[in-house]
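Enquirer: Below you will find the structure I want to go over with you.
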Amino acid sequence: MAKFDEMEYYKQAELLNIDYDQVPDSDWMDTPVDFRPGTFIYPGKPARLEYLDLPNAREWSVLEEDWKLQDNWKQIVLEGMAERLTKYRSFKLFMDVCVRCGACADKCHFYIGSADPKNMPVLRAELLRSIYRKEFTMVGKVLGKIAGARELTIDVIKEWFYYFFQCTECRRCSVFCPYGIDTAEITMMGRELLGLLGLYVNWIIEPCANCFRTGNHLGIQPHALKDIFEDLCDDIKTATGIEIDPPFNKKGADILFVTPSGDFFAEPGIFTCMGYLILFHELGLNYTWSTYASEGGNFGLFTSHEMIKRLNAKMYMEAERLGVKWILGGECGHMWRVINQYMDTMNGPADFLEVPKSPITGTVFENAKSTKMVHIMEFVSDLIKHKKLKLDPSRNDHINVTFHDSCNPARGMGIIEEPRYVLKNICNNFYEMPENTIREQTFCCGGGAGLGTDENMEMRLRGGLPRGAAVRYVQEQFNVNQLACMCAIDRATLVTVCNYWAPGVEVTGISELLANAMVLKGENDRKLNLRLEEIPGK
Amino acid sequence: MNDKWKIILGLVVFLAAVTFPVWRGAIAGAGEPPELQLPEGKTKCIESKEFMIDNHMNMLDEWRNMLVREDIHEYTSKEYGDTYEISLNKTCLNCHKKTEFCDKCHAYADVEPYCWDCHYDPKGD
Amino acid sequence: MKVIIGLIAVSVLFLAGYGLSGAAPYLFGVIIPYAAFALFLAGFVYRVLAWAKVPVPFRITTTCGGHKTHDWLPRSKYDNPSNAVETFIRMLLEVLCFRSLLKNTKTQPGDDNKPVYATEIFLWLGAIVFHYSMLVVLLRHIRLFVQPTPAFVTMIERADGFFQVGVPVFYLTSFGLIAGLVYLLARRLFNPQVRYISLLNDYFPLFLLLGIGISGFWLRYISKADVIAIKELATGLVTFTPSAAILSSISPLFFGHLFLVCVLLMYFPFSKLMHIAGVFLSPTRNMANNNRAVRHINPWNYPVKLHTYEEYEEEFGELMKAVGLPVEKE
């Protein structure tokens, strides 16, 4: 018998039993939260909070009545709101200007998969906005509930906890909002306020604590990391016949390479990591990995702005210590939102680095001249354009691939064309999913922003429905059997989404497909791909 | 990034736009309301003065339809009971002078009746 | 309930203007309009400055297309602007064409109840029709405030009454204004999702605008008022020489209309209607996505507690040495 944290527990017919036109009889303010297992995430463990000097570290349980908040919790939240209203124009403006036109309502993957009205971005924001009205506006103070204002109570806090951890900060709603209201901003504020009360989820705060201490979310210590890479290199040797000795913490390297640690650990992420190793080896790049800055991702983004800064600082600090010229970043989603929108502002200026210049093609990356960090797909597409890579795309002929734009690269950066250019050069069979589900309209995997844990399985499957249905569509139409993405969280969570909604479709990183298609100097007969599976017809 | 000057510039433009009538009025004055030349020796119009001010355009519209479509040539005043020939030129403009009466208000209220697309002013040049 | 309260509130306000103006014409014709306009201006400026005062710590552009990298790759200049000019055009399209709303889709159950997405243009259409009609109606009203009427206003009137239907000439925007509002209201009432999220704060301004639109329509086409007297009042007001004598020759219906307009002006700065200014300030729209090329400054950036490399090597140095990883302290 499957349990609620396993996907077999959920029947497709039951999850699909959704009717958008059916809303609760009671007003949303009077509809209590239903904390059913499978739809929420376990609390952060006190040791993790303590390690990060976060407030109110204690054991508590979501399902218990008493969440053990500070005595003056209400004052803490209201002061926290007041402070943020004077620090973030986005927050203040987004509290004020929403007209509730409803354009965002059916854009959220969690709403589409659950039909729970509080998963409409507009209502998610109203959860916070109703308190804002009550405490910070005249009209709300005077008119109260009829003007959409309500008292801040423990139940409101619980509602926040439930719904701000049912938002993956994917920004799809923000594309459609006529005022650009970004629910990711609202959710980030909501989570910061919850954080003041010590309300964190362990799936996020443990990686934060790990990253702070060991340099990566998974808590891999330096010697273990070296071990892992040795194993990866063994597999590379088997697949390609090439021997690689990857450089670590190497002073005097030209380039520091940083990628999410998710790619060091589980399949299919490790195949992407092997792809990087092969690419850099083949190019003869003078680069280095770092054990201290061994994390590209940043779960601080799902915690607080302060945590983003604390975790992100290592990249520049390590680049300076090692004396590299610039930084190259791997395939990751939210990592690139942080690099594009926060890193330079928070931890720059990176005066000690040089404007990135490809040592192979001489291309200067003017678009990264301040941050000094280049995306692997920008780097690779430039190599392919200049014909610096010898490619045999027929090695991927057994693969019908489609591409999943990850939320943050699409809507927090705009790296949309590069991965497609690369994919079309390394695969002969590339098919797009329907247009309302790709590019800036792409759907989240359902497990981003720190929600990709198994105890949240029901919401992951529900949230993954729009993506899963689109994958299923191209599977039926074009026999698509691989879903490429450039995000480590995707590589972890989309496996479940595909197994559930589109069984038979495997998840892959682009660099994996790239390395499979690359013709290497001194390679073997290349009968095996990086997964050590036989390549059909070879 | 300091964008305050941009916001203040935008506010100034907005304020200038919404107060346009105020500063325009301050420059050019309120303008005089029209003074109408009333027909000499007449004490009343076809209907009451108040009715004529608000509804003369509808009466003329009605007259046109009566004459052109229904071949009715006479109109009986609802207020006074006397009868008039349905004709802009022969009846209305017999007493009123277009330039000193009709045009005054129409110019003030910026109304462009299309009477004069077809009709001419019998007393005009 | 919210709907009823909104409707009743606007009805009562209209009746107050309609019924009480006879008893206190100077109050309704002069004092309240001045107070309302003053409150509107002051409130509007206050709200915008309150937003302006708050810094924009991060450049959080929502990118809706390909960014600027290699020259040879396609990119979306106005969905992912890389400089001030492109951003300006993006904003122009947003403010003038409601471009984000134009992208709207509708999620519907398809095969097996799985979601499919269809183009949904009616919200955009209703919004465009309403907003542009409102703008033209406002501009047309300038003829009542300014003597002589500026040429651009006459041009707008001619264009708006192009079909020369009816007496007085029927304006397209008279219809557009009311039709747009009725659509937006109907959508709020009959679309279950939108109804569920709607507040009194949404119904009240809709009813208020409808009240203004319908009473204005009534004044022009059905129960006409003395336009010359109204213009004399309006020009008097804007030149601060209001004439009390003229008030008695204006119909009560006009005062009903005027009072609703005054209520709108007073309500405006304290309501969601401020989106008219807010849209210009939206940080996800009004900034170029050029963070990696041009550093954005956060005025309150503060130092945070970090875990330095030295602390890291302190803890893991021996383990690193054991596997041959380079360290600072041998």
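Chains as they are written, first to last, in our numbering: chain A, 1172 to 1709; chain B, 11 to 135; chain C, 14 to 343.
A virtual CB, placed ideally from N, CA and C, is assigned to each residue, including glycine.
Taking only three categories from DSSP, how would you classify M11 (chain B)?
Expert: Any reading at M11 (chain B) must be qualified, since the residue scores a pLDDT of 48, below 50, and its modelled position is unreliable; the value itself is stated next. The answer is coil: DSSP assigns M11 (chain B) none of H, G, I, E or B.
Enquirer: Would P1439 (chain A) count as contacting chain C if we go by Cβ distances under 9 Å?
Expert: Judged by the 9 Å Cβ criterion, P1439 (chain A) is not in contact with chain C.
Enquirer: Taking H1280 (chain A) and G1623 (chain A) to be in contact with their CB atoms under 8 Å, please state how far apart those CB atoms are, rounded to whole angstroms.
Expert: No, H1280 (chain A) and G1623 (chain A) are not in contact; Cβ-Cβ is about 13 Å, not under 8 Å.
Enquirer: Could you name the residues of chain B that I155 (chain C) contacts, counting a contact when the two beta carbons are closer than 8 Å?
Expert: The answer, in chain order, is F30, P31.
Enquirer: Strictly under 9 Å for the Cβ-Cβ distance: is A119 (chain B) near chain C by that measure?
Expert: Judged by the 9 Å Cβ criterion, A119 (chain B) is in contact with chain C.
Enquirer: Have a look at the DSSP bridge pairing and note the partners of I1498 (chain A).
Expert: Partner(s): A:L1427, A:M1544.
Enquirer: Helix, strand or coil: how does DSSP classify Y1458 (chain A) here?
Expert: It is a strand residue.
Enquirer: Three-state secondary structure (DSSP) at P265 (chain C)?
Expert: Note: P265 (chain C) maps to helix in three-state DSSP.
Enquirer: As a quick exercise: from A:G1680, A:F1435, A:V1327, A:F1336, pick the residue whose alpha carbon is nearest that of G1504 (chain A).
Expert: With distances taken between Cα atoms, G1504 (chain A) lies closest to A:G1680.
Enquirer: Exposed or buried, D1242 (chain A), counting other C-beta atoms within 10 Å across all chains shown (16 or more means buried)?
Expert: Exposed, by the Cβ-count rule.
Enquirer: Using the C-alpha atoms, what's the distance from N304 (chain C) back to A1320 (chain A)?
Expert: Between A1320 (chain A) and N304 (chain C), the C-alpha separation is close to 37 Å.
Enquirer: Can you tell me whether A63 (chain C) is buried or exposed? The criterion is at least 16 other CB atoms within 10 Å of its CB, across all chains shown.
Expert: Counting Cβ neighbours within 10 Å, A63 (chain C) comes out exposed, since fewer than 16 surround it.
Enquirer: Just how far apart, CA to CA, sit E331 (chain C) and L1636 (chain A)?
Expert: Using only the alpha carbons, I get a separation of about 48 Å.
Enquirer: Taking C-beta pairs closer than 7 Å, name the residues in chain B that G249 (chain C) reaches, listed in chain order.
Expert: A40, listed in chain order.
Enquirer: Residue ranges of each alpha helix (DSSP H) run of no fewer than 4 residues wholly in the region 1174 to 1244 of chain A, ordered along the chain?
Expert: You should have 1183 to 1186, 1217 to 1222.
Enquirer: Whole angstroms are fine: how far does the CA of N1596 (chain A) sit from the CA of D1563 (chain A)?
Expert: The straight-line gap from Cα to Cα measures roughly 9 Å.
Enquirer: Does chain C have any CB closer than 9 Å to the CB of N104 (chain B)?
Expert: Judged by the 9 Å Cβ criterion, N104 (chain B) is not in contact with chain C.
Enquirer: Helix, strand or coil for E1705 (chain A), going by three-state DSSP, please let me know.
Expert: Correct three-state label for E1705 (chain A): strand.
Enquirer: Within 9 Å (strictly less), CB to CB, does Y124 (chain B) reach chain C?
Expert: Yes - at least one Cβ of chain C is within 9 Å of the one on Y124 (chain B).
Enquirer: Do the CB positions of A1424 (chain A) and V1327 (chain A) come within less than 9 Å of each other?
Expert: Cβ atoms of A1424 (chain A) and V1327 (chain A): not closer than 9 Å.
Enquirer: In whole angstroms, give me the CA-to-CA distance for G174 (chain C) and Y184 (chain C).
Expert: When rounded, the distance between both Cα atoms is 5 Å.
Enquirer: Tell me the rounded alpha-carbon separation between M1657 (chain A) and E1185 (chain A).
Expert: C-alpha separation (whole angstroms): 31 Å.
Enquirer: Using a cut-off of 9 Å between C-beta atoms, extract the partners of V159 (chain C) located in chain B.
Expert: Result: F30, P31, R34, G35, A38, G41.
Enquirer: Rounding to the nearest angstrom, what Cα-Cα distance links L1632 (chain A) and V1666 (chain A) in this structure?
Expert: Rounded to the nearest angstrom, the two C-alpha atoms are 11 Å apart.
Enquirer: For A238 (chain C), would you say it is in contact with chain B, using Cβ-to-Cβ distances shorter than 9 Å as the test?
Expert: Closer than 9 Å to some Cβ of chain B, the Cβ of A238 (chain C) qualifies, so yes.
Enquirer: In whole angstroms, give me the CA-to-CA distance for L198 (chain C) and C1379 (chain A).
Expert: Going from the Cα of L198 (chain C) to the Cα of C1379 (chain A) covers about 47 Å.
Enquirer: Which class does T1358 (chain A) belong to by DSSP, given the choice of helix, strand or coil?
Expert: T1358 (chain A): helix per DSSP, three-state reduction.
Enquirer: How would you call W313 (chain C), buried or exposed, if buried means at least 16 neighbouring beta carbons within 10 angstroms?
Expert: Burial call: exposed.
Enquirer: Using the C-alpha atoms, what's the distance from P70 (chain C) back to K1278 (chain A)?
Expert: Answer to the nearest angstrom: the Cα atoms are 27 Å apart.
Enquirer: Using a cut-off of 7 Å between C-beta atoms, extract the partners of V336 (chain C) located in chain A.
Expert: Near V336 (chain C) (Cβ distances below 7 Å), the residues of chain A are H1394, K1397.
Enquirer: Roughly how far, in whole angstroms, is the beta-carbon of R88 (chain C) from the beta-carbon of E1603 (chain A), given that I think they are within contact range, below 8 Å?
Expert: The pair is not a contact, with the Cβ atoms about 18 Å apart (cut-off 8 Å).
Enquirer: If contact means a Cβ-Cβ distance below 7 Å, which residues of the region 1504 to 1518 of chain A contact chain C?
Expert: So the close ones are N1511, Q1512, Y1513, D1515, T1516, M1517.
Enquirer: Can you give me the Cβ contacts of D1386 (chain A) inside the same chain, cut-off strictly under 7 Å, excluding the 5 residues immediately before and after it?
Expert: The sequence given here places Gly at residue 1386 (chain A); Asp does not occur at that position. Taken in chain order, the residues that qualify are T1462, Y1463, A1464, S1465, E1466, K1485.
Enquirer: Please state whether DSSP places H66 (chain B) in a helix, a strand or coil.
Expert: Residue state, collapsed to three classes: helix.
Enquirer: Kindly say whether S24 (chain C), judged by its beta-carbon, lies nearer than 9 Å to any beta-carbon of chain A.
Expert: It does not; no Cβ of chain A falls within 9 Å.
Enquirer: Tell me, please, whether the CB atom of I241 (chain C) is closer than 9 Å to any CB atom in chain B?
Expert: Closer than 9 Å: yes.
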